[in-house]
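Q: Okay, here's the structure, questions in a sec.
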Amino acid sequence: MKTTDLHTWLEELQHPLKQEILEMRDIILDANKNLTEHIKWNAPSYCINGEDRITFNVHGKHQFRLVFHCGVKIKARKLKGKISSDTQHWLEWAAEDRALLTFTDMIEIMQKKKTVQQIINEWIKLTS
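So the number in the working numbering is just where the residue sits in the sequence shown, counting from 1, plus 141.
Structure, rendered in structure tokens:
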């Protein structure tokens, strides 16, 4: 599925974890009312002040990921280990300025909801 329209993307999404992805979308949007949403990397992405910060990765049938990043403007940031709300070490660090959260089912999403929202807001604060 290749589209740049968010609503079309959501309607056409065919993924075994579609309901979980939609729930995570609501969690993200509820975390911070200043986030805007569009399609980037062929998936929903969330911006603060026009700069991408969080993007879905829906490749794979048994999981999906949230990619926490710093947008397209390259700025040297060393964020690894600085997200204090990640007390359970759920973030998988792909680089000093990029981390991943992986989800496999609705139970996990609901158990992690509050912490995920804290991580989102902390990420936004540290990368703005």
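Where is the CB? At the ideal position from N, CA and C, for every residue including glycine.
Computed from a predicted structure; not experimentally measured.
Across the segment 193-211 and the segment 230-250, are there enough close Cβ pairs to call them in contact, namely three or more that are closer than 8 angstroms?
A: With a cut-off of 8 angstroms, the segment 230-250 and the segment 193-211 count as touching, because enough Cβ pairs lie within range.
Q: CB-CB under 6 angstroms to K219, same chain, minus the five flanking residues each way: which ones, in chain order?
A: Taken in chain order, the residues that qualify are E237.
Q: Taking the runs of the beta strand (DSSP E) that are 3 residues or longer, which of them lie wholly in the segment 168-239?
A: Within the segment 168-239, the complete beta strand (DSSP E) runs of at least 3 residues are 177-181, 184-189, 192-198, 205-209 and 233-236.
Q: Beta-carbon separation of T261 and N173 under 9 angstroms?
A: Reading the sequence as shown, one finds Ile at residue 261 and not Thr. Contact: yes.
Q: DSSP three-state label for L158, please.
A: It is coil, neither helix nor strand.
Q: Looking only at its own chain, which residues have a Cβ that is under 8 angstroms from the Cβ of L232, when we skip the five neighbours before and after it?
A: Closer than 8 angstroms at Cβ, skipping near neighbours: F209, I224, A240, L241, L242 and I260.
Q: Spatial neighbours of M247 within its chain, please: C-beta separation below 6 angstroms, excluding the five flanking residues on both sides.
A: Taken in chain order, the residues that qualify are E161.
Q: Could you check the C-alpha separation between T228 and K254 for me, to the nearest Å?
A: Answer to the nearest angstrom: the Cα atoms are 14 angstroms apart.
Q: Looking at the structure shown, is T243 part of a helix, part of a strand, or coil, going by DSSP?
A: Strand at T243.
Q: Mark D193 as exposed unless 16 or more other C-beta atoms lie within 10 angstroms of its C-beta, in which case mark it buried.
A: Looking at its Cβ environment, which holds 16 or more other Cβ atoms inside 10 Å, D193 is buried.
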